[in-house]
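Trainee:
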Amino acid sequence: FLAAGGLVLASSCVSLDSPGLAPAHPQRPTIANDTYTTPNGMMEVEAGGNVQFRKDVSAPVLLKYGMGERTEFFAGGDAIKSVEQADGHMTTGLGDAVIGFRHRLRDKDEFEPGFAVQFATKLPTASENNNLGSGRMDFHIAVIGEQDYKGNTFVGYYDLGLLSEQIDPELDLDHTFAAMGTTPIRKDLDGYGEVAFEWIPEQSVESLTAAGGFYYAVHPSFVLDLGLRVGITDDAPDYQILFGLTRALGKLGLRRDVR
Numbered sequence: 021f022l023a024a025g026g027l028v029l030a031s032s033c034v035s036l037d038s039p040g041l042a043p044a045h046p047q048r049p050t051i052a053n054d055t056y057t058t059p060n061g062m063m064e065v066e067a068g069g070n071v072q073f074r075k076d077v078s079a080p081v082l083l084k085y086g087m088g089e090r091t092e093f094f095a096g097g098d099a100i101k102s103v104e105q106a107d108g109h110m111t112t113g114l115g116d117a118v119i120g121f122r123h124r125l126r127d128k129d130e131f132e133p134g135f136a137v138q139f140a141t142k143l144p145t146a147s148e149n150n151n152l153g154s155g156r157m158d159f160h161i162a163v164i165g166e167q168d169y170k171g172n173t174f175v176g177y178y179d180l181g182l183l184s185e186q187i188d189p190e191l192d193l194d195h196t197f198a199a200m201g202t203t204p205i206r207k208d209l210d211g212y213g214e215v216a217f218e219w220i221p222e223q224s225v226e227s228l229t230a231a232g233g234f235y236y237a238v239h240p241s242f243v244l245d246l247g248l249r250v251g252i253t254d255d256a257p258d259y260q261i262l263f264g265l266t267r268a269l270g271k272l273g274l275r276r277d278v279r
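Here the sequence shown stands for residues 21 to 279, numbered as in the working numbering.
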């Protein structure tokens with residue numbers, strides 16, 4: 021939690037007028053990521069909240085770094101997480117962490133879509149006893165396609181998760197499919213919508229959700245988001261209120277103006 025707060029505090033100390041800041045590019049709060057990667061040598065932070073009152077509350081934080089012209093490294097997780105226990109009380113603690121990278125295979129153009137692959141590992145930093153995490157390491161690989169059409173952006177996303185099991189040596193397969201679109205409303209405001217389906221056959225999980233919301237650019241390098249996700253099937257959360265920010269931090273090691 022302190023590390024997450026430090027990241028957000030550090031971002032507030034970077035002047036929006038600092039030279040060399042790239043435009044912020046939110047990947048949150050949707051389940052799907054697009055094909056964009058943080059520019060080479062640049063850093064960006066995302067932070068926010070996912071709230072289902074008296075059921076499930078989390079505060080995800082993600083730090084992104086451009087490792088090259090086409091590759092992004094990211095690390096983060098739930099800085100704080102609260103879940104409802106069987107007896108009705110809430111338990112709060114650190115959530116699981118995630119590290120990974122995304123690589124652009126092809127940039128989109130007027131005629132053909134762009135493609136990227138993403139690899140991620142979930143680290144079991146959360147307490148399994150308090151139902152804050154699974155207590156096991158999981159691995160994910162995703163393929164992403166993206167195309168623009170008449171000023172709108174459309175993304176197709178598929179993630180295959182290999183879920184470790186404590187007793188059964190066989191891995192459970194987690195299939196996540198998502199379709200997302202964004203559309204400009206005005207110069208500083210975009211809308212987004214997403215439909216996502218998660219299927220874990222070994223656990224009989226079928227979770228279908230729909231989400232929608234807005235991105236508001238306070239500055240090209242500082243974007244706020246606000247949205248709502250609703251569950252359609254029984255395995256999905258009833259609803260989640262989504263809010264957060266994405267802030268470009270500039271080039272690693274570059275001297276910045278402090279307010």
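The beta carbon of each residue, even a glycine, is placed where N, CA and C say it ideally should be.
Do three or more CB pairs link the stretch 176-186 to the stretch 152-168 at distances below 8 Å?
Mentor: The stretch 176-186 vs the stretch 152-168: in contact.
Trainee: Decide yes or no for the touch test of the stretch 195-211 against the stretch 71-83: beta carbon pairs closer than 8 Å, at least 3 of them.
Mentor: Contact fails: fewer than three Cβ-Cβ distances are below 8 Å.
Trainee: Pick from 55, 173 and 82: whose alpha carbon is nearest that of residue 264?
Mentor: Translated into the one-based positions of the sequence shown, residue 264 becomes position 244. Taking only the C-alpha atoms, the option nearest residue 264 is 82.
Trainee: My output table needs one value for residue 260: the three-state DSSP class, helix, strand or coil.
Mentor: If you number the sequence shown from 1, residue 260 lands on position 240. It is a strand residue.
Trainee: Measure the alpha-carbon distance for residue 220 versus residue 145 and round it to whole angstroms.
Mentor: Here residue 220 refers to the residue found at position 200 when the sequence shown is read from its first residue. Here residue 145 refers to the residue found at position 125 when the sequence shown is read from its first residue. Taking the straight line joining both Cα atoms gives about 22 Å.
Trainee: Tell me whether residue 222 sits in a helix, a strand or coil according to DSSP, three-state version.
Mentor: The residue you call residue 222 lines up with position 202 of the sequence shown. In this structure, residue 222 counts as helix in the three-state DSSP scheme.
Trainee: So, for residue 241: in the same chain, excluding its five sequence neighbours on each side, which residues have a beta-carbon less than 8 Å away from its beta-carbon?
Mentor: To locate residue 241, count along the sequence shown from 1; it is residue 221. Only 36, 41, 42, 43, 44, 267 and 268 meet the Cβ criterion.
Trainee: Measuring alpha carbon to alpha carbon, tell me which residue in 115, 137 and 251 is nearest residue 123.
Mentor: Within the sequence shown, residue 123 is the residue found at index 103, counting from 1. Among 115, 137 and 251, the Cα nearest to that of residue 123 is on 137.
Trainee: Just to confirm, are residue 58 and residue 214 a CB contact at a threshold of 8 Å?
Mentor: The residue you call residue 58 lines up with position 38 of the sequence shown. The residue you call residue 214 lines up with position 194 of the sequence shown. Not a contact, by the Cβ cut-off of 8 Å.
Trainee: Span of the beta strand (DSSP E) holding residue 88?
Mentor: Your numbering for residue 88 matches position 68 in the sequence shown. Residue 88 -> no beta strand (DSSP E), and no H or E assigned at all.
Trainee: Starting from residue 158, trace the beta strand (DSSP E) both ways and give me its first and last residue.
Mentor: Here residue 158 corresponds to residue number 138 of the sequence shown, with the count starting at 1. Here the beta strand (DSSP E) through residue 158 covers 158-169.
Trainee: Just to confirm the assignment: which complete beta strand (DSSP E) runs, minimum length 3, are found wholly within the stretch 76-162?
Mentor: Complete beta strand (DSSP E) runs here, min 3: 76-86, 91-104, 110-113, 117-126 and 134-143.
Trainee: For residue 271, which three-state DSSP category applies?
Mentor: Counted from its first residue, the sequence shown places residue 271 at position 251. If DSSP states are grouped into helix, strand and coil, residue 271 belongs with the strands.
Trainee: On a Cα-Cα basis, can you pick out the residue from 103, 101, 55 and 115 that is closest to residue 90?
Mentor: For this step, residue 90 is matched to residue 70 along the sequence shown. Considering only alpha carbons, the answer is 55.
Trainee: Please report how far the alpha carbon of residue 278 lies from the alpha carbon of residue 236, in whole angstroms.
Mentor: Residue numbering aside, residue 278 sits at position 258 when the sequence shown is read from its first letter. Residue numbering aside, residue 236 sits at position 216 when the sequence shown is read from its first letter. Residue confidence for residue 278 is low, a pLDDT of 38 falling below 50, so the modelled location carries little weight; the figure read from the coordinates is stated next. Rounded to whole angstroms, residue 278 to residue 236 spans 24 Å at the Cα level.
Trainee: Using only CA atoms, which one of 60, 152, 245 and 106 lies nearest to residue 99?
Mentor: Taking the first residue of the sequence shown as 1, we reach residue 99 at position 79. Per the Cα distances, 152.
Trainee: Quick one: Cα of residue 78 to Cα of residue 69, how far?
Mentor: By 1-based counting over the sequence shown, the position of residue 78 is 58. By 1-based counting over the sequence shown, the position of residue 69 is 49. When rounded, the distance between both Cα atoms is 6 Å.
Trainee: Compute the Euclidean distance between the alpha carbons of residue 234 and residue 260, then round it to the nearest angstrom.
Mentor: Residue numbering aside, residue 234 sits at position 214 when the sequence shown is read from its first letter. Residue numbering aside, residue 260 sits at position 240 when the sequence shown is read from its first letter. Rounded to the nearest angstrom, the two C-alpha atoms are 15 Å apart.
Trainee: Within 10 Å of its beta-carbon, does residue 249 have 16 or more other beta-carbons around it, so buried, or fewer, so exposed?
Mentor: Mapped onto the sequence shown, residue 249 falls at position 229. Classification for residue 249: buried.
Trainee: Would you kindly report the start and end of the unbroken beta strand (DSSP E) that includes residue 185?
Mentor: Locating residue 185 in the sequence shown gives position 165, where the first residue counts as 1. No beta strand (DSSP E) contains residue 185, which DSSP labels as neither H nor E.
Trainee: Under the DSSP definition of a beta bridge, which residues are partnered with residue 72?
Mentor: Here residue 72 refers to the residue found at position 52 when the sequence shown is read from its first residue. Its beta-bridge partners are 76.
Trainee: So is residue 238 buried or exposed if we call it buried at 16+ other beta carbons inside 10 Å?
Mentor: Counted from its first residue, the sequence shown places residue 238 at position 218. Residue 238 is exposed by the Cβ-count criterion.
Trainee: Round the Cβ separation of residue 171 and residue 133 to the nearest angstrom and send it over; I've been treating them as touching at under 8 Å.
Mentor: Position 151 of the sequence shown, counted from the start, is the residue given in the question as residue 171. Position 113 of the sequence shown, counted from the start, is the residue given in the question as residue 133. Residue 171 to residue 133, Cβ: 16 Å. No contact.
Trainee: Which same chain residues, not among the five before or five after residue 246, have their C-beta less than 8 Å away from its C-beta?
Mentor: Taking the sequence shown and counting its residues from 1, one reaches residue 246 at position 226. Excluding sequence neighbours, residue 246 sits near 233, 234, 236, 262 and 263.
Trainee: Please classify residue 227: does DSSP put it in a helix, a strand, or coil?
Mentor: For the purposes of this step, residue 227 is identified with residue 207 of the sequence shown, where counting begins at 1. Strand at residue 227.
Trainee: Looking at the structure shown, is residue 21 part of a helix, part of a strand, or coil, going by DSSP?
Mentor: To locate residue 21, count along the sequence shown from 1; it is residue 1. Confidence is the limiting factor: at residue 21 the pLDDT is only 42, short of 50, which leaves the residue's position unreliable, though a coordinate-based value still follows. Three-state result, residue 21: coil.
Trainee: Under three-state DSSP, which class holds residue 190?
Mentor: Within the sequence shown, residue 190 is the residue found at index 170, counting from 1. Looking at residue 190 - three-state DSSP - the assignment turns out to be coil, as it is neither helix nor strand.
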